[in-house]
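Student: If you read the sequence shown in the UniProt record's numbering, its first letter stands for residue 1, the second for the next number, and so on.
Cβ coordinates follow ideal geometry from the N, Cα and C atoms, glycine included.
Before I ask anything, here is the structure I am working with.
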Amino acid sequence: MALTNPNSNNISTVLFYLSIFEKYKKSIYFDGHEREDVVEYRKRFLEEMRTLERRMARYKESIMELILPVLGVGERKLILVTHDKCSFCANDGKREIWVHDEKMPLRKKGNGKSIMKKKKNPNILAEAHCYFTPAKFPNAMAVFAFDNSTNHLAFADDALVMQRMNKGPGEKQSVMRPTTFINSNGQLIEQEMVFEKNYSDPDLRGKPKGIKRVLEERSL
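So this is what it looks like as structure tokens:
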């Protein structure tokens, strides 16, 4: 901080401004998400979705076992209908390229700016009428859900995101929640993403396993 006149700034003033001085960080924009009206809206939305979900079919974990809803007298099954979309990032680029003289071009780090794209369907009204005709699903009703969020790259701190993992164990990488996978015998296996507390190497106890170890445990 440049002090043009040392007599006009005392130590307490300098300490105050240094306490709020931060470096610019590239992160996700969260401003306004915790406003009282936004929080109240989210609560109402989740309560309504929980009420509707009771009348929808579910699929059990990764084995995709169909679980039909238990309906009351006069109730009809609900079918959740969502729109399809994809998010593309500026630094995705092509994976296969021609390399001259074994000189690999350097790419920018990170995903870059993202854009959401969805299919344009000029015949959507006619197709929707055919799909949702009462004769096709006489005992069901459709619930349409539209995701208009401008941010599709936000994840929980412990989300299973491969880009947050290192190849090897430990070091600086996210601590992720446990997951499951189907082995070659068709069995559902639970998998921890961190080493056990009694692991043979004390330095790795409770530390993330890394991509290589996770794949080895899956026999890949």
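1) Of all the options Ser114, Val99 and Val81, which has the alpha carbon lying nearest to the alpha carbon of Ala90?
2) Leaving aside the five residues before and after Lys197 along the sequence, list all residues of the same chain whose C-beta is less than 8 Å from its C-beta, in chain order.
3) What does the Cβ neighbour count give for Lys60, buried or exposed, with the cut at 16 atoms within 10 Å?
4) Would the region 176-193 and the region 209-219 be scored as touching if the rule is three or more Cβ pairs under 8 Å?
5) Sorted by chain position, which residues of the same chain lie with C-beta nearer than 8 Å to Met193's C-beta, five sequence neighbours on each side aside?
6) Indicate the three-state DSSP secondary structure (helix, strand or coil) for Tyr17 in the structure shown.
7) Taking Arg199 as the reference, which of Phe155, Gly170 and Gly110 has the closest Cα?
8) Going along the chain, which residues of its own chain have a beta-carbon closer than 8 Å to the beta-carbon of Lys167, five neighbours each way excluded?
9) Spatial neighbours of Leu71 within its chain, please: CB distance less than 7 Å, with the 5 preceding and 5 following residues excluded, ordered by chain position.
10) What is the residue span of the beta strand (DSSP E) that Glu190 lies within?
11) Might you give, ordered along the chain, the residues of its own chain that have their beta carbon closer than 7 Å to the beta carbon of Gly112, omitting 5 neighbours on each side?
12) Please classify Tyr199: does DSSP put it in a helix, a strand, or coil?
13) Whole angstroms is fine: what's the gap from His83's alpha carbon to Arg164's?
14) Who are the near neighbours of Gln191 in its chain, counting only those whose CB is closer than 8 Å to its CB and skipping five residues on each side?
15) At which residues does the beta strand (DSSP E) containing Glu75 begin and terminate?
16) Check the DSSP bridge columns for Leu66 and list the partner residues they point to.
17) For Leu80, collect the residues of the same chain with a Cβ closer than 7 Å to its Cβ; drop the 5 residues on either side in sequence, then sort them by chain order.
Tutor: Inspection of the coordinates gives the following:
1) Ser114
2) Arg205 and Gly206
3) exposed
4) yes
5) Leu160, Val175, Met176, Arg177, Pro178, Thr179, Pro208, Lys209 and Val214
6) helix
7) Note that residue 199 is Tyr in the sequence shown, not Arg. Of the candidates Phe155, Gly170 and Gly110, the one whose C-alpha sits nearest the C-alpha of Tyr199 is Gly170.
8) Gly210, Ile211 and Lys212
9) Arg55 and Lys77
10) Leu188 to Gln191
11) Cys89, Ala90 and Asn91
12) coil
13) 28 Å
14) Pro178, Thr179, Thr180, Phe181, Val214, Glu217 and Arg218
15) Here Glu75 belongs to no beta strand (DSSP E), and DSSP marks it neither H nor E.
16) Tyr59
17) Met56, Val143 and Ala145
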